[in-house]
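There are 4 protein chains.
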Amino acid sequence: MEEKDLIKPGDYVLIVSKKDDEYLVRIEEKGNFSTHKGFIDYNLIVGKPFGSIVRTHLATEYFLFKPTVYDFLRHIKRKTQVLYAKDLGYIILRLGIRSGIKMIECGSGSGSATSAFAFALYPDGKLFSYEAREEFMELAKKNLDRLGLTEVVSFKNKDIEDGFDENAVDAIFLDVKFPEKYIGHCYKSLKNSGNLCVFVPTANQVSDTLKALENHRFFKTDVLEIFLRKYKTVAERLRPDDTMIAHTGYLIFTRKYVGEENE
Amino acid sequence: MEEKDLIKPGDYVLIVSKKDDEYLVRIEEKGNFSTHKGFIDYNLIVGKPFGSIVRTHLATEYFLFKPTVYDFLRHIKRKTQVLYAKDLGYIILRLGIRSGIKMIECGSGSGSATSAFAFALYPDGKLFSYEAREEFMELAKKNLDRLGLTEVVSFKNKDIEDGFDENAVDAIFLDVKFPEKYIGHCYKSLKNSGNLCVFVPTANQVSDTLKALENHRFFKTDVLEIFLRKYKTVAERLRPDDTMIAHTGYLIFTRKYVGEENE
Amino acid sequence: MEEKDLIKPGDYVLIVSKKDDEYLVRIEEKGNFSTHKGFIDYNLIVGKPFGSIVRTHLATEYFLFKPTVYDFLRHIKRKTQVLYAKDLGYIILRLGIRSGIKMIECGSGSGSATSAFAFALYPDGKLFSYEAREEFMELAKKNLDRLGLTEVVSFKNKDIEDGFDENAVDAIFLDVKFPEKYIGHCYKSLKNSGNLCVFVPTANQVSDTLKALENHRFFKTDVLEIFLRKYKTVAERLRPDDTMIAHTGYLIFTRKYVGEENE
Amino acid sequence: MEEKDLIKPGDYVLIVSKKDDEYLVRIEEKGNFSTHKGFIDYNLIVGKPFGSIVRTHLATEYFLFKPTVYDFLRHIKRKTQVLYAKDLGYIILRLGIRSGIKMIECGSGSGSATSAFAFALYPDGKLFSYEAREEFMELAKKNLDRLGLTEVVSFKNKDIEDGFDENAVDAIFLDVKFPEKYIGHCYKSLKNSGNLCVFVPTANQVSDTLKALENHRFFKTDVLEIFLRKYKTVAERLRPDDTMIAHTGYLIFTRKYVGEENE
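Sequences listed follow chains A, B, C and D, in order. Using this note's numbering, you'd call the opening residue of the first sequence number 755 and step up by one each time. Using this note's numbering, you'd call the opening residue of the second sequence number 755 and step up by one each time. Using this note's numbering, you'd call the opening residue of the third sequence number 755 and step up by one each time. Using this note's numbering, you'd call the opening residue of the fourth sequence number 755 and step up by one each time.
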């Protein structure tokens, strides 16, 4: 086993009991961590391989998993509504977000989309993340910092009434209250054939966005929603969970085109 | 406008009419491309910016979009059932697939998952893609080649009865008929805390996989399915499409843990 | 076996092959019926018990099932969009449609809702079915006639600009293009505490209807949609169908109340 | 206004506040009813028209709606899992349940399906409702009694190991733990071309039931599930509720046929 698989101070660990009591914890050099079922001394964790089991002082077992971006997304500290992996994964493929591309998002919110995009852009892509409210920007920064992906993102604490600073970006993700006001700005900042995604919670906003898109050179517009339905994991009694998330938001995708004259 | 935005021979272009007649085409130096509404000479395309409009010899307009990974996935040449972006995007986030990680998939099939994973692993990750049938492996290679991501993937034309050649991989994606037979192999090849995803079309396979997982050290198992519902994009008459894809497959996610003794 | 179970001329029979080639047929005294796999002489059908199997002149087996209201709904002759059993069944329970109540619907359309409501109202309920276009009304009548439930329904070939002729009805079902224009008429014709259901295909119509409801004494408004997902019926490979109906319409339910003064 | 619209002692009333605090109450001659926002004297209710508003002694307004079968179903007293209107409405249409037909259900459970079927059978149909546990049967009776539909139902406090007492029924609804054990009994008690519906919560039970159906003369088997998704009722911000019921059960429908010899 290579050393990098052993947990060291500063690492984030997903600590989970058999009953699914779960924490995303930054391991410290000293001290301990308090679960619902007793304390775990950080000493017991440091040096253990990821995937190990430790016991609290009350002898309850906890797993020590290495978090993936999915875990960071689930445990994001939030002051706003956040985006879910079901939506973000699709957005990443649909916008073609990967190392090497340049993109804009607005607003940063609590940083859930920021984190997922930074993950996909790593190592050589770039995200310009706009957020008018400083409080949210600081939170988004903190959430991104946990993933260790801060260098991929430039935060901009400003509103976008006058547009974005960047040009010829590959993609833009818009998660704002009145997206219809910024479609022109998006058009201007996208490179030719660039991709736009707008995320809105209400059907009325979908209609307003569609109307605004008609006034600019966008084509191949899609509106869609994504559902995720979980099952109880009992082999002999397989059945869906009783309840599910029924709505997060509508996704609108579209593409910039240029005229025949390419004005 | 930078030169790289101009279409050149060898580029793939998504050619789309206003009526959504759509082609994913590799642009050649000479000759022409035949649409349902007439020919387009490659000469007319080369040198144009992505996002432009050209006309066929019958004067029908076509858009020249730069394809994203999503377009390549939609236009994959297939001999097997393929995976969809709604599932693949979620899998990428859930397994934490990004530049720098090492993973296995089996089987390659037509290369849809292969392409999406290669996209996410770019530039410094690695995918070992197993496929027993040479015919499929060649197809998966061809589909991957269109994306220009072949160096991220090592294809292995062998069955996995005796397990995988690699060890300590970060993640495994299993899309085979009898996944329950290979859970032990997956356990062996995953690094501690590594992530496994199994994709199966039937509920019976889900039960069989859950049973097999009970015999190995896997925890935090989730079973789920993802739906995507599209809307008609008319602002004044917003409504879902009449029909939708109702099922692609069930996704099973789980994580390897090690004993307290770490045998 | 009682005689009434034997098929006689005038009966409707659901004729189905093993490959699900299906017909809803009125049995005649003489002649024959043409399937995709050969002819069946009515003589072979008359006198057989429902549930029997007959063979065409090409020896293909067909089942002779007694149709339920569900089968009539599926085989309705249509010139308009029709309602589906998934929606109609819920509407019947929600509006409390049963023998003894009095209700209004508008418009009759092809008579799918008419047929389901008549079925539920039988024997002592009453449906007043408004339809402005004579062509549709005649079709709705024909479809209802096949069910043998004409006496439960009074058709009215008139538009509802000036309201309904009836008062103090228990329930109203509104399936028109601009429901917001008729909410006042509905209020007037409903008895106190009466139930209204509005069916609309678009989200914009839902918003328009909700706005109109605010101007009248309606309460406990619900908006909802119902999905039905079928499975392939193979015990060893249980899985949903590949595609499904994704949308028929939105259902809006609400209830009339009266002021404290009961003006 | 006719007298029957005025609330009298013995009537059930759906009492609802503007904040959707809701009760299904039997009105008594004397005394009062306690809400979360104060008392309402029955004197204030008796003689009022349904649909009226009353105030508690704390001046909170409550609506007095006349409950429909849907309200009784929602407010059923339960000791078992109950069926929902979305499923029951569809079952009624699919099985063709209406005045004049004869059907069996097993088991009665808390009486939710019993109530919906009795509602649909009224006035001249008949339901034989089997329930092995007396405790549940008594509860089902009580719930049915509130609807005033007891004469439509014959309860049978016995298990069905040896089959049903009735023959030639039009339809059977089976909601038991091991439906595969009773398919033969269902076949025997159904009339030719009769309809069977099996309700089960797990996918494994669906497979087991499908296997059992293969051993008897049933055809046109469908397996399906029904979803209901609610919306927030704000005209300017139309959007689905955040969560929804994701699963109640799978519905299996099938039809009895007889051999060519009609053995």
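Each residue gets a CB set at the ideal place from its N, CA and C atoms; glycine is no exception.
{"query": "Give me the Cα-Cα distance between residue 970 of chain D and residue 962 of chain B, rounded to the nearest whole angstrom.", "result": "27 Å"}
{"query": "Give a yes or no on whether the C-beta atoms belonging to residue 852 of chain A and residue 874 of chain B are separated by under 8 Å.", "result": "yes"}
{"query": "So with Cβ pairs under 8 Å, would you call residue 989 of chain C a contact of chain A?", "result": "no"}
{"query": "Secondary structure at residue 806 of chain A, three-state DSSP: helix, strand or coil?", "result": "strand"}
{"query": "Would you say residue 1016 of chain B reaches chain A, if we count a Cβ-Cβ gap shorter than 8 Å as a contact?", "result": "Because the pLDDT of residue 1016 of chain B is 46, which lies under 50, any placement of that residue in the model is unreliable, and the number read from its coordinates should be weighed accordingly. Closer than 8 Å: yes."}
{"query": "Compare the C-beta of residue 757 of chain C with all C-beta atoms of chain A and state if any pair is closer than 8 Å.", "result": "The predicted model places residue 757 of chain C with a pLDDT of 49, which falls under 50 and marks its position as unreliable; any figure quoted below should be read in that light. No, its Cβ sits nowhere closer than 8 Å to a Cβ of chain A."}
{"query": "Quick check: the segment 998-1006 of chain B against the segment 995-1011 of chain C, are at least 3 beta-carbon pairs closer than 8 Å?", "result": "yes"}
{"query": "Is it right to say residue 888 of chain D is buried, meaning 16 or more other beta carbons lie within 10 angstroms of its own, or is it exposed?", "result": "exposed"}
{"query": "So that I know if they touch, is there some Cβ in chain A lying closer than 8 Å to that of residue 842 of chain D?", "result": "no"}
{"query": "For residue 907 of chain A versus residue 956 of chain A, is the C-beta distance shorter than 8 Å?", "result": "no"}
{"query": "With distances taken from CA atoms, which of D:979, D:986, D:983 and D:1013 is nearest residue 1007 of chain D?", "result": "D:979"}
{"query": "Taking the C-alpha atoms as reference points, what is the distance between residue 1017 of chain A and residue 803 of chain B?", "result": "Because the pLDDT at residue 1017 of chain A is just 40, under 50, the model does not fix this residue reliably, and the value given afterwards should be weighed accordingly. Approximately 12 Å between the Cα atoms of the pair."}
{"query": "List in chain order: all unbroken beta strand (DSSP E) runs of 3+ residues lying wholly within the segment 834-902 of chain A.", "result": "856-860 and 880-884"}
{"query": "Could one say the Cβ of residue 807 of chain C lies closer than 8 Å to chain B's Cβ atoms, at least one of them?", "result": "no"}
{"query": "Determine which residues of the segment 944-969 of chain C have a Cβ less than 7 Å from any Cβ of chain D, and write them out in chain order.", "result": "945, 946, 947, 949, 957, 960, 961, 964 and 965"}
{"query": "Straight-line CA distance for residue 777 of chain A to residue 929 of chain B?", "result": "31 Å"}
{"query": "Mind checking whether residue 943 of chain B and residue 894 of chain B have CB atoms under 8 Å apart?", "result": "no"}
{"query": "Buried or exposed: residue 933 of chain C, going by 16 or more other Cβ atoms within 10 Å of its Cβ?", "result": "buried"}
{"query": "Does DSSP put residue 911 of chain A in a helix, in a strand, or in coil?", "result": "coil"}
{"query": "Should residue 924 of chain A go down as buried or exposed, given a rule of 16 or more other Cβ atoms within 10 Å for buried?", "result": "buried"}
{"query": "Quick check on residue 837 of chain C - is its C-beta less than 8 Å from some C-beta in chain B?", "result": "no"}
{"query": "Under 9 Å, CB to CB, which of the residues in the segment 994-1017 of chain D have a partner in chain A?", "result": "994, 995, 996, 997, 998, 999, 1000, 1001, 1002, 1003 and 1004"}
{"query": "Does the count of Cβ pairs from the segment 828-845 of chain C and the segment 836-853 of chain D closer than 8 Å reach three?", "result": "yes"}
{"query": "Indicate whether at least one CB of chain C lies closer than 8 Å to the CB of residue 853 of chain D.", "result": "yes"}
{"query": "Tell me which residues share the same chain as residue 872 of chain B and place their Cβ nearer than 7 Å to its Cβ, disregarding the 5 neighbours each side in the sequence.", "result": "881, 898, 901, 903, 906 and 907"}
{"query": "Under DSSP, the beta strand (DSSP E) around residue 786 of chain A begins and ends at which residues?", "result": "786-789"}
{"query": "Roughly how many angstroms lie between the CA atoms of residue 779 of chain C and residue 1012 of chain D, to the nearest whole one?", "result": "19 Å"}
{"query": "Less than 8 Å between the C-beta atoms of residue 848 of chain B and residue 884 of chain A, yes or no?", "result": "no"}
{"query": "Starting from residue 996 of chain B, trace the beta strand (DSSP E) in both directions and tell me its first and last residue.", "result": "From DSSP, residue 996 of chain B is part of no beta strand (DSSP E); its letter is neither H nor E."}
{"query": "Mind listing the chain C neighbours of residue 975 of chain D? Cutoff is C-beta to C-beta under 9 Å, in chain order.", "result": "987"}
{"query": "Using a Cβ cut-off of 7 Å, pull out every chain D residue sitting near residue 992 of chain A, in sequence order please.", "result": "956, 957 and 958"}
{"query": "Buried or exposed for residue 812 of chain C, please, with buried defined as at least 16 other CB atoms from any protein chain shown within 10 angstroms of its CB.", "result": "exposed"}
{"query": "For residue 777 of chain B, list the residues DSSP reports as bridge partners.", "result": "B:769"}
{"query": "Is the Cβ-Cβ distance between residue 846 of chain D and residue 918 of chain D less than 8 Å?", "result": "no"}
{"query": "Determine the extent of the beta strand (DSSP E) in which residue 966 of chain D is found, giving its start and end residues.", "result": "No beta strand (DSSP E) contains residue 966 of chain D, which is instead part of the alpha helix (DSSP H) from 957-968."}
{"query": "What separation, rounded to the nearest whole angstrom, lies between the Cα atoms of residue 935 of chain B and residue 860 of chain C?", "result": "59 Å"}
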